[in-house]
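Residue numbers (the working numbering), protein chains in the order written: chain Z, 3 to 704; chain P, 3 to 704.
Structure record follows, encoded as structure tokens.
2 protein chains.
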Amino acid sequence: MGRLASLFAPDRVAVIGATDRSGSVGHAITSNLRDEFSGSVVPVNPNAGTVLGLDCYDDVQSVPGTVDVAIVVVPADIAVDAVTDCGEAGIDTVVVITAGFSEAGSEGAARERELRAVAEEYDLDLVGPNSLGVMSTAVGMNATFGPESAQPGPISFMSQSGAFITAVLDWANDRDIGFRDVVSLGNKAVLDESDFVAEWGDDPETDVILGYLEGIADGPSFIEAAREVTDDTPIVLVKSGRTEAGASAAASHTGTMAGSERAYEAGFDQAGVVRVDTVQELFDYAGILSGQPLPENDSVAVVTNAGGPGVMTTDAIGDTALSMASFTDGTLDALGEALPDGANIYNPIDVIGDADTERFAEAIDIALGDPNVGAAVVLACPTATLSFEELAAATVELQDEHGLPVAASLMGGDSTRAARAMLSEAGIPTYFDPARAVDSLDVLREYREIQACEYAAPTTFDVDRERAREILRAAADRNTNRLGVEAMDLLDAYGIPTPDGEVVDSPDAAREAAERVAGDAGEVVMKIVSPDILHKSDIGGVEVGVTPEAVRDTYEDLVARARNYQSDARVLGVQVQEQLPLDDATETIVGTNRDPQFGPLVLFGLGGIFVEVLEDTTVRVAPVSESEAASMVDDIESAPLLRGARGREPVAEDAIVETIQRLSQLVTDFPAILELDINPLVATPDGVRAVDVRLTIDKEEL
Amino acid sequence: MGRLASLFAPDRVAVIGATDRSGSVGHAITSNLRDEFSGSVVPVNPNAGTVLGLDCYDDVQSVPGTVDVAIVVVPADIAVDAVTDCGEAGIDTVVVITAGFSEAGSEGAARERELRAVAEEYDLDLVGPNSLGVMSTAVGMNATFGPESAQPGPISFMSQSGAFITAVLDWANDRDIGFRDVVSLGNKAVLDESDFVAEWGDDPETDVILGYLEGIADGPSFIEAAREVTDDTPIVLVKSGRTEAGASAAASHTGTMAGSERAYEAGFDQAGVVRVDTVQELFDYAGILSGQPLPENDSVAVVTNAGGPGVMTTDAIGDTALSMASFTDGTLDALGEALPDGANIYNPIDVIGDADTERFAEAIDIALGDPNVGAAVVLACPTATLSFEELAAATVELQDEHGLPVAASLMGGDSTRAARAMLSEAGIPTYFDPARAVDSLDVLREYREIQACEYAAPTTFDVDRERAREILRAAADRNTNRLGVEAMDLLDAYGIPTPDGEVVDSPDAAREAAERVAGDAGEVVMKIVSPDILHKSDIGGVEVGVTPEAVRDTYEDLVARARNYQSDARVLGVQVQEQLPLDDATETIVGTNRDPQFGPLVLFGLGGIFVEVLEDTTVRVAPVSESEAASMVDDIESAPLLRGARGREPVAEDAIVETIQRLSQLVTDFPAILELDINPLVATPDGVRAVDVRLTIDKEEL
């Protein structure tokens with residue numbers, strides 16, 4: 003158990019603002035606590051002698067003995083004082099129900115800053131403010147003002163919406179879905195999703211962590227906390243505000259700016275979170291993750307008494323990363339013996355419409371005994387010869403015996419009710435729609451892969467950090483926040499290969515540089531260098547294939563074009579660069595920008611139309627490990643073009659992967675780098691070279 | 003009502019094979035009919051005097067008076083005779099329940115051919131064989147051997163799986179989902195999905211046509227039948243065997259080879275069918291399509307008492323083609339007056355947690371009155387102040403008053419039961435998960451678009467069909483089924499532009515041809531012409547930029563390379579072709595192949611990596627109309643590259659669209675063309691030119 007153990011297993015809870023006034027929040031919480039809490043409840047209210055028959059204290063400091071948790075429900079204007087009193091009284095865990103903080107304008111935001119300061123001063127573990135409260139079924143604690151208490155179970159659940167908790171409990175209680183702990187996160191002034199993920203990861207009684215979030219307070223902390231946990235405990239989250247419309251609705255609801263959806267997507271993926279879009283998925287997946295073992299392989303057996311629904315189930319499997327199991331000869335023989343003519347012994351097994359429970363169960367037994375089978379779907383349509391209850395009983399027994407995950411689809415109405423209850427009791431999910439049964443099995447696969455994931459530390463390359471810092475400072479000294487080709491040295495300092503080249507400030511120097519850098523072909527590339535010219539090509543600021551004789555004139559031309567474009571443009575000179583042979587070369591792009599929640603992101607894709615038209619790019623939250631960098635190359639749809647498609651020689655993929663990591667290290671080392679694009683990073687069979695670079699810095703961060 | 007009216011509204015039904023033997027199919031059907039059928043039932047069985055107390059006849063010919071429908075349940079070996087007897091007796095509608103036909107090996111397949119011949123001889127409307135039977139709630143007819151009768155309602159339902167019908171009825175009857183007609187299609191020896199689509203399209207009492215299909219017997223007929231119908235009646239289908247695994251399961255289940263999934267996708271789309279993947283979607287969509295009006299625009303208002311679920315709903319809207327409505331100033335003013343401080347008057351409207359029914363309903367009323375709003379989601383979480391029943395009553399009234407479609411999400415458990423029943427009674431779908439409510443509204447949008455679709459006839463271009471036939475015959479005479487560049491003339495005959503060029507058979511002729519076809523640049527392209535060499539480029543069989551001086555030598559080289567590659571390759575000569583200027587040119591590909599169910603398909607995409615690596619192509623069932631051809635260009639992700647992406651001049655898109663149509667006309671005119679690829683079809687701002695073509699013919703079809 004973690005440091006929040008006392009929040010979820012207190013002996014004594016004080017309600018500050020408890021009252022007998024029916025319909026009030028203080029009354030509802032006190033009443034909920036009194037009804038079921040196994041510990042003791044202490045009402046605090048200077049204007050009452052007793053509340054609900056319990057002795058009431060004027061203030062929390064005058065309560066004798068230890069109070070483990072204080073629930074604060076007093077009006078907003080005295081809530082911070084009430085929390086301070088808790089700190090003074092030595093209470094270290096406080097739940098602030100009171101609203102009127104950052105969700106309520108600038109005055110509220112100021113109040114929340116005060117609250118945070120008090121929490122820091124007294125080192126308080128503080129939930130809220132603007133929270134529905136917390137529940138812990140282990141101690142019968144319902145410290146919320148909602149109408150329903152959770153039933154005991156293996157799911158711990160956090161939600162940034164209190165109403166969603168109320169709705170879920172109303173619904174879950176009618177379905178015998180039980181919870182361990184429930185937290186309404188409120189404004190997350192102190193404790194946030196990362197704290198609860200860590201706490202529940204340490205709690206052996208929590209089998210699944212569920213969450214409804216509208217934002218993540220601190221992306222990197224969340225990734226770290228989640229990775230610690232997902233080895234033992236799956237985390238399933240709805241993060242709303244996914245779409246543009248949703249993000250703007252979330253912003254208006256919580257008052258905070260949403261980060262980029264791509265950052266959330268990457269961050270959740272890197273954290274090992276199972277992300278879902280709908281409430282239905284949230285609870286479907288929680289159910290099977292808490293009820294069934296993980297499959298050892300991705301092959302599924304389908305056993306049915308109806309061919310058509312068997313085909314639908316097979317389609318549903320084809321829609322996932324699961325596959326239809328191929329049975330061993332032994333299995334086929336056994337099925338052939340057990341089943342009548344007309345039955346199908348190949349997967350999906352069709353025991354046909356006249357099957358009784360015995361035949362159906364025998365087929366399930368044989369299928370689950372096949373070493374190729376990782377999981378099974380039991381799929382039954384109503385017939386005169388089959389009893390759903392008997393089938394359910396047999397399925398429960400066989401699932402237990404074989405220890406493989408099973409999901410069921412009983413395709414009927416109320417006639418399946420008793421059977422569904424039996425299966426559900428045994429942790430076997432049951433749906434009318436076989437596609438939902440299959441999707442549930444697929445999430446077991448997903449979680450097994452998450453569990454198997456090794457989170458290697460990012461490689462730390464030997465780089466020249468001091469030189470990089472000097473280059474960034476020099477740019478800052480020039481009073482600019484944009485750097486272009488003059489920042490090639492920055493890449494060089496971090497070991498990212500660049501073509502030979504140099505920035506010069508006269509035609510003669512250009513000629514000398516060209517002699518030095520030109521390869522066998524004798525030709526060079528020349529580019530104008532100016533912080534005021536972002537798109538050099540557009541103004542004729544780039545010349546390729548410049549012969550030695552033409553270097554001087556080209557220098558003059560480039561500068562003239564820059565002046566024509568913008569008469570006061572600061573021209574730092576001209577870059578003279580080795581011209582790379584472009585046969586077998588592919589232009590890629592590696593870039594970075596910063597997300598308000600997750601910090602630096604790294605982007606990879608192919609250049610040109612692939613990034614501009616097809617938007618075929620992928621991102622990760624930095625720092626990225628070697629395997630994460632490698633997975634970025636796998637991610638893009640155009641990856642075959644790097645790997646020898648259409649008879650070309652494959653490029654040096656390892657050099658791309660290393661460049662991604664080195665860039666990740668650079669932007670992690672220097673928070674001053676806001677955006678940086680290497681475009682193109684030319685990849686050839688021999689390696690990569692960063693041909694052009696552009697970056698924006700925040701001088702305040704240097 | 004169509005020609006199948008007598009199947010669904012008979013006065014008198016004979017059961018051939020009726021029996022008192024409990025547990026038998028003949029008993030079950032007779033019993034089901036006797037219990038509820040409003041007409042009369044006539045048992046036929048030579049071995050029984052009465053069946054279930056009804057007078058029984060020895061054979062159908064001895065039944066006095068008119069029999070409208072005969073249900074045949076006798077054993078397979080006498081089933082065809084029984085059907086013949088029906089024909090002799092003048093019965094024109096027969097349902098064959100008996101199994102043991104094409105689903106059961108070659109003997110069964112032969113029996114089915116006999117059955118089909120008998121049906122043809124007597125012009126029978128025949129359902130099955132291997133069918134569960136048919137139902138018509140209008141006349142209380144349950145002529146199936148399933149355990150459940152359908153309840154009356156507006157949905158007509160056909161299924162290629164009898165078990166699926168049993169399952170659906172068991173489930174639907176507990177949810178008060180009602181049906182008009184139900185048909186178990188069985189093996190579709192005579193009547194198939196197209197017949198029932200046509201019949202139900204003519205039936206004013208059928209509001210929605212639902213189907214579970216594993217295959218379409220005749221794609222073009224189905225498209226034609228569906229298009230006739232979708233103006234009035236939506237068609238929602240699950241077509242299983244979508245995935246590779248599913249298709250192979252379907253093949254083993256029904257014994258028929260599935261056509262290509264891409265053909266089904268295109269065909270259903272062109273037919274105006276709403277295709278769904280899961281049972282849940284099938285009935286969710288049927289519910290709203292039969293219960294709610296169509297929206298006039300795609301903007302949705304969300305009215306809720308809970309911010310978090312409001313954000314989730316907004317996300318769900320963002321996932322569809324719907325959008326969040328922007329309210330008028332009048333609406334915002336009205337909401338501002340109606341709602342308290344802290345409420346959100348912008349969409350999603352948050353009436354906040356303490357709202358009673360009155361406030362909630364007022365907000366719904368205002369939202370539905372906004373001219374920008376096309377539909378609404380009513381989304382409620384349980385609170386102390388809100389009654390779900392009152393909210394449901396108000397929602398039903400307001401939906402009726404405003405006439406806009408509404409879907410509801412009542413986020414609670416059994417506490418919502420009564421409210422759900424009230425909404426459901428009024429045709430308003432209600433789910434726990436708001437995403438399902440939104441998806442339901444989205445299908446109304448989809449159907450509105452289908453309804454608005456004008457199915458223009460394909461353009462018939464003025465072509466030289468005779469010349470095309472001669473070219474194909476000439477190839478056949480050469481004893482080949484593959485044509486390459488020598489088939490350029492075929493394209494020319496159908497008005498598809500080709501570069502100037504000619505096939506020659508000597509170096510001198512090549513030189514002359516080069517002089518004639520070379521453009522200003524003076525250079526030509528030369529290609530080997532051989533039916534035995536499919537990939538000319540791979541063997542060095544194509545040379546570009548051939549100067550006048552090099553033409554003779556190049557001729558010899560190309561022929562030598564062909565001989566080196568395959569010494570007995572038939573070399574028809576060398577094609578000398580005008581070399582097109584490739585600036586501003588984009589290579590596209592237009593092709594065709596044949597699907598066993600849908601006939602010729604037309605394919606379009608960009609050439610090179612786009613087709614080979616990114617698989618960015620789109621298909622349609624031929625013949626395609628102009629608007630369908632135009633939509634193919636819209637479909638591909640790389641379309642921006644044709645439309646001026648990255649500063650290039652847009653290509654002549656209308657020339658591409660015309661080429662697609664002309665190719666469609668060609669393959670429709672000549673069933674002998676099995677496959678044809680124009681690759682590349684070079685598109686420039688000025689037009690298109692087919693630079694290379696390859697085709698395979700079926701000589702039997704010429």
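No residue lacks a Cβ here, since even glycine has one placed at the ideal position from N, Cα and C.
What you are looking at is a predicted structure, and each value in this text was computed from that prediction instead of being measured.
- Counting every other CB atom within 10 Å of its CB across the protein chains shown gives SER64 of chain Z a total below 16, marking it as exposed.
- Between the beta-carbon of GLY155 of chain P and that of VAL120 of chain P there is about 35 Å, and that puts the pair past the 8 Å contact cut.
- From the beta-carbon of PRO311 of chain Z, the residues of chain P found nearer than 8 Å are SER163, ALA165, PHE166, ALA169.
- Boundaries cannot be given for GLU639 of chain P, as no beta strand (DSSP E) includes it and DSSP labels it neither H nor E.
- Shown here, PRO509 of chain P sits in a helix according to DSSP, grouped into three states.
- The count of Cβ pairs closer than 8 Å, one atom from the region 409 to 422 of chain P and one from the region 169 to 184 of chain Z, reaches three, so the stretches are in contact.
- Its chain contains SER532, PRO533, ASP534 as the residues whose beta carbon lies nearer than 7 Å to that of ARG572 of chain P, once the 5 sequence neighbours on both sides are disregarded; these appear in chain order.
- Not a single C-beta of chain P is nearer than 9 Å to the C-beta of THR620 of chain Z.
- When secondary structure is reduced to three states using DSSP, ILE31 of chain Z falls in the helix class.
- At the C-beta level, LEU324 of chain P and ASP127 of chain P stay beyond 9 Å of one another.
- Taking a C-beta cut-off of 8 Å against chain P, the contacting residues of the region 266 to 299 of chain Z are ASP279, THR280, VAL281, GLN282, listed in chain order.
- Fully enclosed beta strand (DSSP E) runs of no fewer than 3 residues occupy 42 to 46, 71 to 74, 95 to 98 of the region 36 to 103 of chain P, in order along the chain.
- Within the same chain, and ignoring the five residues on either side of VAL185 of chain P in sequence, the residues whose Cβ sits closer than 7 Å to its Cβ are VAL129, VAL136, MET160, PHE198.
- Proximity of TYR214 of chain Z to chain P, defined by a Cβ-Cβ separation below 9 Å, is satisfied.
- Relative to ASP79 of chain P, the option among P:ASP637, P:GLU114, P:VAL96 whose CA is nearest is P:GLU114.
- Around the beta-carbon of HIS29 of chain P, 16 or more other beta-carbon atoms lie within 10 Å, marking it buried.
- In the assembly as shown, ASN49 of chain P is an exposed residue. Its beta-carbon has fewer than 16 other beta-carbons within 10 Å.
- The beta carbons of ILE319 of chain Z and VAL408 of chain Z sit about 14 Å from each other, so the pair does not count as a contact at 8 Å.
- Between ARG648 of chain Z and ARG484 of chain Z, the CB-CB gap reaches or exceeds 9 Å.
- Runs of the beta strand (DSSP E) lying entirely within the region 563 to 646 of chain Z and spanning at least 3 residues, in chain order: 575 to 580, 588 to 597, 601 to 608, 619 to 623.
- If the five residues before and after ASP271 of chain P are omitted, its C-beta is found closer than 8 Å to the C-beta atoms of ARG277, all from its own chain and listed in chain order.
- Non-local beta-carbon contacts of ASP300 of chain Z in its own chain, meaning distances under 7 Å to residues more than five positions away in sequence, involve ALA323, LEU324, SER325, GLY376, ARG447 in chain order.
- VAL546 of chain Z counts as exposed, since fewer than 16 other C-beta atoms from the protein chains shown sit within 10 angstroms of its C-beta.
- Secondary structure note for PRO652 of chain P: it is in no alpha helix (DSSP H), with a DSSP letter that is neither H nor E.
- With 16 or more neighbouring CB atoms inside 10 Å of its own CB, ASP679 of chain Z falls in the buried class.
- At a C-beta separation below 7 Å, GLY248 of chain P has these neighbours in chain Z: VAL313, THR316, ASP317, GLY320.
- Against chain Z, the CB of LEU337 of chain P has no partner CB under 9 Å away; the residue lies outside that interface.
- Contact of LEU616 of chain P with chain Z by beta-carbon distance below 8 Å involves LEU616, GLU639, SER640.
- ILE347 of chain P and PHE362 of chain P have their C-alpha atoms roughly 12 Å apart.
- If you look at ASN144 of chain Z, you'll find it in the beta strand (DSSP E) that goes 143 to 146.
- Shown here for THR397 of chain P: same chain residues with a beta carbon closer than 7 Å to its own, the five before and five after excluded, namely ILE366, VAL380, VAL408, ALA410, LEU425, ILE430 in chain order.
- Fully contained in the region 182 to 252 of chain Z are the following beta strand (DSSP E) runs of length 3 or more, in chain order: 210 to 215, 237 to 241.
- Residue P:VAL505 holds the alpha-carbon nearest to the alpha-carbon of VAL527 of chain P among P:ASP510, P:HIS537, P:VAL505.
- Taking a beta-carbon distance threshold of 9 Å, LEU643 of chain P counts as an interface residue toward chain Z.
- An exposed status is given to THR462 of chain P, since fewer than 16 other beta-carbon atoms sit within 10 Å of its beta-carbon.
- Residue state for GLY293 of chain Z is assigned as helix, using DSSP reduced to three classes.
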